[in-house]
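Chemist: In case it helps, our numbering puts the sequence shown at residues 223 to 326. Beta carbons are placed, not taken as given, at the ideal position from N, Cα and C, and that holds for glycine. Just so you know, these numbers come straight off a predicted model, no measurement behind them. I'd like to ask some things about the structure below.
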Amino acid sequence: MAGSNYDTPALRETLKRLIRSQMVLKGMEYKELSERLEAMGIHQRPGTLRTKITTGTLGAQLLLAILIAIGMRTLDLEQVQDVIEDIENELVQDHSNNPATPTM
């Protein structure tokens, strides 16, 4: 990841995939995640969680709380970096296959 821009499509997609994959592994739906967060004193409705996770737009505090709530005990940052790079490559490939129409 070059530069200092931490809010990129690749990072948002990585967050989404990371959280959703863990939820699927645990057989967890948004309602249960909401209930687990509520037990931690964090109020997030299931629909709000779905939106934040689907768009990959959530703060660091909520991300950590979600990872704890879903029972994720380790985070392999090398694996996360590999996912980011794969997604960046997918985005480049998508762009080269479907370039935007130039505007005049």
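Determine the contact status of Lys-164 and Gly-278, defining contact as a CB-CB distance below 8 angstroms.
Modeler: Outside the modelled stretch of the chain, which goes from 223 to 326, sits residue 164, for which no answer is possible.
Chemist: How long is the line joining the alpha carbons of Asn-319 and Ile-309, rounded to whole angstroms?
Modeler: Here residue 319 refers to the residue found at position 97 of the sequence shown. Here residue 309 refers to the residue found at position 87 of the sequence shown. Those two C-alpha atoms are separated by around 15 angstroms.
Chemist: So, with DSSP's three-state summary, where would you put Arg-295?
Modeler: In the sequence shown, residue 295 corresponds to position 73, counting from 1. Of the three classes helix, strand and coil, the one that applies to Arg-295 here is coil, per DSSP.
Chemist: Does Leu-259 pass the burial test, meaning 16 or more other C-beta atoms within 10 Å, or should it be called exposed?
Modeler: Position 37 of the sequence shown, counting from 1, holds the residue named residue 259. Buried: at least 16 other Cβ atoms inside 10 Å.
Chemist: Work out the CA separation of Met-294 and Val-246 for me, nearest whole Å.
Modeler: Locating residue 246 in the sequence shown gives position 24, counting from the first residue. Locating residue 294 in the sequence shown gives position 72, counting from the first residue. Straight-line Cα distance between these residues: approximately 12 angstroms.
Chemist: Measuring CA to CA, which of His-317, Leu-255 and Val-314 is closest to Arg-272?
Modeler: Counting from one through the sequence shown, the residue named residue 272 turns up at place 50. Among His-317, Leu-255 and Val-314, the Cα nearest to that of Arg-272 belongs to Leu-255.
Chemist: Could you name the residues of the same chain whose beta carbon sits closer than 7 angstroms to that of Met-250, not counting the 5 residues immediately before and after it, in chain order?
Modeler: Position 28 of the sequence shown, counted from the start, is the residue given in the question as residue 250. The residues are Ile-292.
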